[in-house]
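Chains L and G are the protein sequences, given in the same order. For the first sequence, the residue numbers in numbering that gives the first Met the number 0 are 0 to 323. For the second sequence, the residue numbers in numbering that gives the first Met the number 0 are 0 to 378. Ideal placement from N, C-alpha and C gives every residue a C-beta, glycine not left out. Computed from a predicted model, the values in this text were never measured in an experiment. Worksheet: the structure to be examined is printed underneath.
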Amino acid sequence: MPEPLAESAKAAEPATPVEAGVQPLVLDPAPAVKPTVEKAATKKMGIVGWIALIWIIAIFGAAIFAPLLPIPKPTKTFLLHAGEGPQLAHPLGLDGTGQDMFSRVIWGARASLLVSVASVLFGLVGGGVLGLIAGYYRGKLDTLLSYVFNTFLAIPQLVLALAIIAVFASEPTVSVEKREFWLVVSIGLVSIPIIGRITRASTLAWSQREFVLAARSMGAKNRRIIVRDVLPNVMPAMFSIALLGIAVVIVLEGGLSILGVGVPSSTPSWGNLIATGRNELTKIVGAAPQVIFAPSIAIFSTVLSLNYLGDVVRARFDVRESAL
Amino acid sequence: MSPLRRRKEVTRTISARPEAGHLLEITDLSTSFKTPRGLATAVNNVSFVLDRGKTLGIVGESGSGKSVLSRSIMGLLPKQNVVRDGSVRFEGTEISSLSNSAMRQYWGTEMAMVFQDPMTSLNPVLKVGRQITESLHYHLDMDKQQAHDTALALLKSVGIPEAERRLSEYPHQLSGGMRQRVVIAIALACGPKVLFADEPTTALDVTVQAQILNLLQQQQRERDMAMILVTHDLGVVAGRADEIAVMYSGQIVERAPTRTLFAQMRMPYTEGLLKSIPKLEQPSHSRLQIIGGRPPDLVAPPPGCKFAPRCPYAQEKCHSEEPPLVEAETPGHYFKCWYPVGTDAGKEALERNLAAGLPQAIAAVAGDAIAAAKVELAV
């Protein structure tokens with residue numbers, strides 16, 4: 000054994016300043032273990048993850064900055080080219096009335112993403128607060144809230160959202176803003192029990208941990224413990240479900256559009272684009288399939304990307320938790 | 000250490016204790032949990048007093064109720080499904096009946112707790128610095144700079160190198176020993192008068208154990224703080240506690256100043272615990288002495304002495320009649336046994352059991368594993 004010992008001692012000398020003549024004490028001559036490649040790989044997002052992320056950034060960016068983009072207004076008609084397929088000036092073709100599909104998909108993203116992000120935020124706040132309360136305090140309050148959650152979950156989401164909009168914003172002359180508001184409220188209400196239950200489950204687990212008792216033994220109030228100790232730990236679970244939730248809501252908005260209670264067709268949304276374009280599929284002559292395919296593919300890629308990113312987020316936080 | 004010196008030591012501890020102003024006075028404290036099978040009594044009529052700057056060691060095996068006792072005293076147990084009885088007086092004020100909001104003025108500032116496992120008693124997503132400054136802001140109304148400086152000083156005082164850098168690190172970046180130091184720093188932040196250390200070294204390496212215990216002792220001395228050191232290891236409290244209480248099945252079965260306890264133990268259970276510590280001078284591969292069997296069911300404990308089913312000295316009387324906690328000839332030494340160790344009655348009882356071939360008696364005397372296994376089966 001003297002050889003490796005002397006070797007590593009030599010190697011250690013320049014790194015650690017030692018007094019001249021003093022031999023550094025090397026207890027473990029084994030070379031430092033390099034982290035394995037597999038471990039590093041699981042932490043990376045992978046090529047699919049990057050594609051998903053770029054897509055999401057692009058679609059959200061386009062939606063936010065739609066008025067600034069060099070694209071025609073979504074309602075501008077190019078009658079000469081009506082119903083034509085993709086071409087240089089109109090990359091996604093035009094619909095039957097000559098409106099540019101590329102522009103309509105981007106403006107449609109604006110309405111669809113606004114509704115889905117807003118309603119998921121609504122659900123996140125409502126479900127998060129109720130879930131934290133139920134999971135932290137437990138007891139009768141938890142039983143009651145869980146009962147309410149389960150009751151709401153028993154009703155199909157689409158039916159519940161439809162019913163709420165039908166009551167509050169179903170008149171045909173309804174303004175876009177009012178319809179969008181009630182879409183957000185109804186979809187938000189529908190997502191509260193889903194997010195609430197996940198938050199509650201995660202809170203139940205985290206509030207049993209010893210650091211919560213430790214915080215209590217230091218005199219922290221319940222509200223403080225919930226906000227400072229429990230919430231930061233529950234957050235990853237809430238966010239990964241929220242990412243998936245945005246995807247679900249995009250589809251749900253499409254479903255509501257087909258039933259005639261989505262975003263009014265005067266403002267394009269992915270849902271109402273599909274709803275108005277769906278008769279193109281049954282046309283025998285003069286069909287313009289891009290009218291339905293363009294928004295469908297936009298929904299498809301966005302939902303897929305959000306799902307994938309949701310998984311990546313969850314996996315990342317799982318790694319951190321298990322490493323602890 | 001002559002018996003004379005020992006006696007002197009004991010009288011000094013006794014006389015140093017002013018009868019009026021105990022820091023903590025526990026009288027007949029009982030704590031039970033409602034379970035589907037019935038009431039599980041985890042703490043059963045426990046009484047003791049603790050003075051400023053003193054250390055009480057609470058020793059017992061798993062399930063003897065020692066952790067529940069410290070949490071019950073602090074009032075940290077959930078209100079649901081817990082039945083608490085008896086009196087806890089802190090500086091003369093009854094605190095056992097206080098609500099959680101009223102207890103908050105004691106938690107952290109008057110009494111604090113160091114938990115067993117530093118892996119779980121720190122919040123994984125908050126930086127170390129924030130976890131320490133939290134209570135400084137809250138209890139002591141410090142501003143950001145003051146709290147930061149105090150936290151830094153605290154970390155230095157618990158022996159954490161590069162304290163400034165550690166403040167902005169997360170718990171998972173620290174080793175187990177470092178984390179326990181952080182936990183201690185958090186507990187000490189508001190200068191509590193009594194510190195509950197609930198098996199503070201159980202989750203740690205043996206080499207780190209001594210460091211942490213020394214740290215606790217040093218902090219205690221500097222702050223004139225009382226400490227309740229809960230452990231399953233008699234060795235841990237031997238050199239560090241002023242008084243030791245041995246718990247079994249939720250009861251204190253023997254309580255005495257440390258020296259008296261080791262010199263004149265009366266309770267067979269204490270003797271069993273002491274004998275089961277491996278000794279360095281033993282040849283390697285020698286069998287360890289054990290106490291056969293398991294602690295009794297807390298829902299339906301045996302009618303007599305709780306330790307009787309496992310006791311090498313147990314007689315007919317032990318199984319039917321519960322012995323009272325009586326004072327030994329040394330003042331301040333209490334035990335709970337009909338046939339105490341080191342007395343003629345005890346000696347006779349053991350001989351009788353050996354003659355009758357009682358397995359736990361044979362196991363206790365000869366360290367016989369087969370006999371111990373028989374106890375295991377019988378209990």
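Item: Same chain, Cβ closer than 6 Å to Gly-345 (chain G), five either side skipped, listed in chain order; Value: Tyr-312, Tyr-338 and Pro-339
Item: Cβ contact check for the segment 103 to 115 of chain G and the segment 56 to 64 of chain G: 3 or more pairs under 8 Å; Value: no
Item: C-alpha gap between Leu-129 (chain L) and Ser-206 (chain L), whole angstroms; Value: 15 Å
Item: Under 8 Å (Cβ pairs) to chain L, residues found in the segment 199 to 221 of chain G; Value: none
Item: Three or more C-beta pairs below 8 Å linking the segment 104 to 118 of chain L and the segment 290 to 307 of chain L; Value: yes
Item: Proximity test, Arg-165 (chain G) beta-carbon vs the ligand MG heavy atom, cut-off 6 Å; Value: Judged by which ligands are present, the structure shown has none, so any question about the ligand MG falls away.
Item: Helix, strand or coil at Pro-256 (chain G) [DSSP, three-state]; Value: strand
Item: Within chain G, partners of Pro-231 (chain L) - CB distance below 8 Å; Value: Asn-122, Val-124 and Leu-125
Item: Minimum Cβ-Cβ distance from Arg-180 (chain G) to chain C less than 7 Å; Value: In the structure shown, chain C cannot be found, because the protein chains are L and G.
Item: Listed by chain order, chain L residues near His-138 (chain G) by CB distance under 7 Å; Value: Gly-218
Item: Own chain partners of Ala-110 (chain L) with C-beta closer than 6 Å, once the 5 adjacent residues on each side are dropped; Value: Val-262, Thr-266 and Ser-268
Item: Exposure of Ala-168 (chain L), with buried meaning 16 or more beta-carbon neighbours within 10 Å; Value: buried
Item: Neighbour flag for Met-112 (chain G) against chain L, beta carbons, 7 Å; Value: yes
Item: Buried versus exposed call for Ser-31 (chain G) [16 or more other C-beta atoms within 10 Å across all chains shown]; Value: buried
Item: Extent of the continuous alpha helix (DSSP H) run through Ala-61 (chain L); Value: 45 to 63
Item: Residue environment, Val-245 (chain G), which counts as buried when at least 16 other CB atoms sit within 10 Å; Value: buried
Item: Classification of Ile-132 (chain L) by the beta-carbon crowding that lies within 10 angstroms, buried from 16 upward; Value: buried
Item: Per-residue DSSP class, three states only, for Ser-406 (chain G); Value: Because residue 406 (chain G) is not part of the residues shown, which for chain G are 0 to 378, the question remains open.
Item: For Ala-39 (chain L), three-class secondary structure by DSSP; Value: Summary for Ala-39 (chain L): the model assigns pLDDT 45, below 50, so the residue's position carries little reliability; its value from the coordinates is reported in the next sentence. Three-state result, Ala-39 (chain L): helix.
Item: Cα-Cα separation between Val-229 (chain G) and Glu-347 (chain G), rounded to whole angstroms; Value: 34 Å
Item: Assigned exposure category for Gly-134 (chain L) - 16 Cβ within 10 Å defines buried; Value: buried
Item: Interface flag, Ala-39 (chain L) vs chain G, CB-CB below 7 Å; Value: Summary for Ala-39 (chain L): the model assigns pLDDT 45, below 50, so the residue's position carries little reliability; its value from the coordinates is reported in the next sentence. No, Ala-39 (chain L) does not count as interfacial toward chain G.
Item: Interface partners of Gly-134 (chain L) on chain G, CB under 7 Å; Value: Those within 7 Å of Gly-134 (chain L) in chain G number zero; the least Cβ separation is about 14 Å.
Item: Burial state of His-138 (chain G), where buried means 16 or more other Cβ atoms lie within 10 Å; Value: buried
Item: Minimum length 4: unbroken alpha helix (DSSP H) runs contained in the segment 296 to 368 of chain G; Value: 315 to 319, 343 to 355 and 358 to 365
Item: Nearest-angstrom Cβ-Cβ length linking Asp-241 (chain G) and Thr-257 (chain G), presumed shorter than 8 Å; Value: 6 Å
Item: Separation of Ala-307 (chain G) from Gly-249 (chain G), as counted between CA atoms; Value: 15 Å
Item: Any chain G beta carbon closer than 7 Å to Phe-210 (chain L); Value: yes
Item: Contacts around Tyr-307 (chain L), its chain only, beta-carbon distance under 7 Å, and the 5 residues preceding and following it disregarded; Value: Val-47, Gly-48 and Ala-51
Item: Buried or exposed by the 16-neighbour rule on C-beta atoms within 10 Å, applied to Phe-101 (chain L); Value: buried
Item: Length of the line joining the Cα atoms of Leu-349 (chain G) and Pro-282 (chain G); Value: 27 Å
Item: 8 Å contact criterion, which His-318 (chain G) and Gly-303 (chain G) should meet: CB distance rounded; Value: 5 Å
Item: Arg-286 (chain G) - containing alpha helix (DSSP H), residue span; Value: Segment: none, Arg-286 (chain G) is in no alpha helix (DSSP H) and carries neither H nor E.
Item: Validate contact between the segment 40 to 48 of chain G and the segment 20 to 31 of chain G using beta carbons, cut 8 Å, 3 pairs; Value: yes
Item: Beta-ladder partner(s) of Met-386 (chain G), from DSSP; Value: The displayed coordinates of chain G run from 0 to 378. Any statement about residue 386 (chain G) would go beyond what the structure contains.
Item: Contact set for Pro-301 (chain G): own chain, Cβ-Cβ below 8 Å, skip 5 residues either direction; Value: Pro-295, Ala-307, Pro-308 and His-318
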